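Peer 1: Let me give you the structure first, and then I'll get to my questions.
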Amino acid sequence: MEIIVFGVISGCIILFGALGFSMTLKAEGFINVAHGQMLLLGAYLAFLFSSFGLPMVVATMLVMLCCGVCGVAIYRYLYRPVKSRGILVLLFTSVGVAYAINGIVGAVAGKRVLAYDLPPVRAMRLDGVPIMTVYELMIIGFALIAAIAIHVFLTSTWVGKSIRAVADNYDLARVRGFDPGHTSDYVWFIASALAGVAGVFSGIIGSLHLGMGWQQIIIILAATVLGGLGSIYGVMLASLLLGIGMELGIMVLPSNYRTGVAFLIIIAILFLRPEGLQSLWSPRTGARH
Amino acid sequence: MESILLFVVGILSIGAIYSILCLALNLEAGIDGLWDLGIVSFFGIGAYTYVLLTAPAAENHQHYLLGLGLPIWVGLAAAGLMGGVAALLIGVPSLRLKREYFLITTLAFAEVIRQIYANELWLTNGVAGIYGLNPPFSESLPPNARQVVIFALLSVAVAVTYLIVRSLCVSPFGRALKALRENEALAMTAGINPFAHHIRAFALAGALSGVAGAFYVWYNTLIIPGQFVADVTFFVWTALIIGGIGNNTGALVGGILFVLLHDALRFLPLSNDMAEVVSSVRTALVGVILILVLRWRPEGLLCERPARVRVRQG
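For the protein sequence lines, the chains are W and E, in the order given.
All letters in the first sequence, in the order written, are residues 659 to 947 by the numbering used here.
All letters in the second sequence, in the order written, are residues 25 to 338 by the numbering used here.
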């Protein structure tokens, strides 16, 4: 039971990271390695803001804003100018961005492991059995709200529809009067803001260290592959499954293999069913190459 | 004066190792079009193979497999062989996948393999690593001269690797790889079997990286799992992109240039706090250079030149 609960919590955190990652993957068609470092940036910014005495909720809001603006700026000034040169150039530009962010955060914050200064709370009990803390409940609640909000946003609003249209068929969307440049800004803002939140949450249940961005991008990649590259709903389900799967996996394997389990899942999925979970409900002819 | 000389020799030695890795990566990613984000796997497997075969048997406080104390030449050959075999084993299933999928799979394998070094104490002594590995000629030469000799050996190794990769490039095999990279469907109609060529390029690159791994052990005289993180893969890619992807001379220059840029600050006498900041700044510097090169000179310093074909008149 504990394992399932903890799996769901870590699944929710993966959800925030993976949701934004697969939005950018779907919209731009490349693997944004720097997405993991956006989590790192979010986590450390929240540490900075809360050290000014701001309450955690306000700090998180500010983090969303800052990360979102950073994401849009990085897209506009670094990714968009090289977009015409193909996926490989974009991919390695994002590797460059990842190292740049990681280095800057490291130079400012130092290499020590940090933790948020949160008031300690006791786990809530259900029938006398400790289940989870208030923080963890908030993470799950927030994940639910975010998943529903993203769904409503993508299906019912003009901006959301244009994001989907541009991602599916760039030229057709332009002909139909959507402005692709504008929609990209929204995608990057939302994706980066979500990454910032994911960083704050993983800092709340764990600690802050410079390697967390690399660690998270690996797990995000696993969730994205499991869900089917670029599929928003596949990724939501995959994040939860992966969170639970990793916790179950380390019952069998030594606990140091936690991310190893994520990777074994990636390898298995790619060999067996490269289209990922989305192929369960949207039959397509083969994977996107 | 002598310390500066040794510092330069040290940097150039690590640069030579990166050059070998860049040449290997150029073969599979520049000449062939395989987006391999797991080159560190074979680098690590080569290094561990070399150590397990050439190190003396494990003492009480350490645990690792074998420790046969074999001669270094056997170790080097085995490192290359195991690098190649590992590449074959990973390549056969992975090469069915294309581009992004191949890239993610190779990255995944590299991470799983690194976790195996870190967690299987009986095999590799885990994160504690294996220390005190004597480089060649450690008995017969004083330590300073030894570094110079290792550098000389590495220079020879780079030259040999360069010649191997270059002659492969102009061979029918290399031209077939380029054809596959440019247009796989067209190459197939010309009778080129994509899988057979890709797997050979992948395994060759794995073997070369494996040998580079053994040299890395000479340089470091110790081996820990932390030496084989995904950073190495990204650094080698960065070096190759700086030098010029698809150009062998570019790969060679890129490896050395990257290490000069990245490690030149490392031996400055600094206080602990400053050293921490400087190491982070170095990381940021790598990122900024990569962004700038891709933005302003995506073909690298030396771009790929079309092969000159001599047409026999007659």
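Glycine is no exception: its CB is placed at the ideal position from the N, C-alpha and C atoms.
Computed from a predicted structure; not experimentally measured.
(1) Who are the Cβ neighbours of residue 133(E) in its own chain at under 8 Å, not counting the five residues just before and after it?
(2) CA-CA distance, residue 810(W) and residue 144(E)?
(3) DSSP three-state label for residue 790(W), please.
(4) Using a threshold of 8 Å, state whether the C-beta atoms of residue 266(E) and residue 325(E) are closer than that.
(5) Taking only beta-carbon atoms, is residue 669(W) less than 8 Å away from chain E?
(6) In three-state terms, what does DSSP make of residue 280(E)?
(7) Using a Cβ cut-off of 7 Å, which residues of the segment 768-779 of chain W contact any Cβ in chain E, in chain order?
(8) Measure the alpha-carbon distance for residue 921(W) versus residue 903(W) and round it to whole angstroms.
(9) So which of 905(W), 665(W), 911(W) and 857(W) has the shortest CA-CA distance to residue 722(W)?
(10) Could you pull out every residue in the same chain whose Cβ sits closer than 8 Å to the Cβ of residue 173(E), ignoring the five residues on either side in sequence?
(11) Quick one: using the 10 Å Cβ neighbour count with 16 as the cut-off for buried, is residue 46(E) buried or exposed?
(12) Which residues of chain W have a Cβ atom closer than 8 Å to the Cβ of residue 142(E), listed in chain order?
(13) What residue from 898(W), 692(W) and 663(W) has the CA that sits closest to residue 875(W)'s CA?
(14) Residue ranges of each beta strand (DSSP E) run of no fewer than 3 residues wholly in the segment 241-287 of chain E, ordered along the chain?
(15) When you compare only the Cα positions, how much space is there between residue 284(E) and residue 303(E)?
(16) Spatial neighbours of residue 943(W) within its chain, please: CB distance less than 7 Å, with the 5 preceding and 5 following residues excluded, ordered by chain position.
(17) Should residue 846(W) be flagged as near chain E, meaning a C-beta pair shorter than 8 Å?
(18) Taking Cβ-Cβ distances shorter than 7 Å, what residues in chain E pair up with residue 879(W)?
(19) Counting contacts by CB-CB distance shorter than 8 Å, is residue 942(W) in contact with chain E?
(20) Pair every Cβ in the segment 672-683 of chain W with every Cβ in the segment 848-856 of chain W, then say whether three or more of these pairs are closer than 8 Å.
(21) Taking Cβ positions, are residue 772(W) and residue 751(W) nearer each other than 8 Å?
(22) Does residue 261(E) get closer than 8 Å to chain W when you measure Cβ to Cβ?
(23) Taking the C-alpha atoms as reference points, what is the distance between residue 218(E) and residue 54(E)?
(24) So which residues of chain E does residue 751(W) contact, with C-beta pairs closer than 8 Å?
(25) Got a sec? Which residues, its chain only, sit under 6 Å from residue 240(E) by beta carbon, not counting five neighbours each side?
(26) Count the other CB atoms within 10 Å of the CB of residue 842(W); is the residue buried (16 or more) or exposed (fewer)?
(27) Just list the alpha helix (DSSP H) runs in the segment 815-890 of chain W, keeping only unbroken ones of 4 residues or longer that don't cross its boundaries, in chain order.
(28) Bridge partners for residue 782(W) per DSSP, in chain order?
(29) Spell out whether any CB of chain E is found under 8 Å from the CB atom of residue 945(W).
(30) Expressed to the nearest angstrom, what Euclidean distance is found between the alpha-carbon atoms of residue 190(E) and residue 704(W)?
(31) Would residue 840(W) be called buried (16 or more neighbouring beta carbons within 10 Å of its own) or exposed?
(32) Out of curiosity, what's the CA-to-CA distance linking residue 48(E) and residue 926(W)?
Peer 2: Taking the geometry as given:
(1) 62, 65, 114 and 118
(2) 47 Å
(3) strand
(4) yes
(5) no
(6) The DSSP-derived three-state label of residue 280(E) is helix.
(7) 768 and 769
(8) 11 Å
(9) Restricting attention to 905(W), 665(W), 911(W) and 857(W), the CA atom closest to the CA of residue 722(W) is found in 857(W).
(10) 160, 161 and 165
(11) Per the 10 Å Cβ criterion, buried.
(12) 914
(13) 692(W)
(14) Qualifying beta strand (DSSP E) stretches: none in this window.
(15) Taking the Cα positions, residue 284(E) is about 14 Å away from residue 303(E).
(16) For residue 943(W), the predicted structure reports a pLDDT of 42, less than 50, and the residue's modelled location is therefore unreliable. The matter cannot be settled from this model.
(17) no
(18) 128
(19) Confidence at residue 942(W) is low in this model, with a pLDDT of 48, below 50, so the placement of that residue is unreliable and no value is reported for it.
(20) yes
(21) no
(22) yes
(23) Taking the straight line from one Cα to the other gives about 16 Å.
(24) Under the 8 Å cutoff, chain E gives 314, 315, 318 and 319.
(25) 41 and 71
(26) buried
(27) As far as the segment 815-890 of chain W is concerned, its whole alpha helix (DSSP H) runs of at least 4 residues are 816-826, 828-833, 838-863 and 870-885.
(28) 790(W)
(29) Since pLDDT at residue 945(W) reaches only 41, below the 50 mark, its modelled position is unreliable, and no value is offered.
(30) Each residue's Cα considered, the two are about 52 Å apart.
(31) exposed
(32) Between the C-alpha atoms of residue 48(E) and residue 926(W) there is a straight-line separation of about 27 Å.
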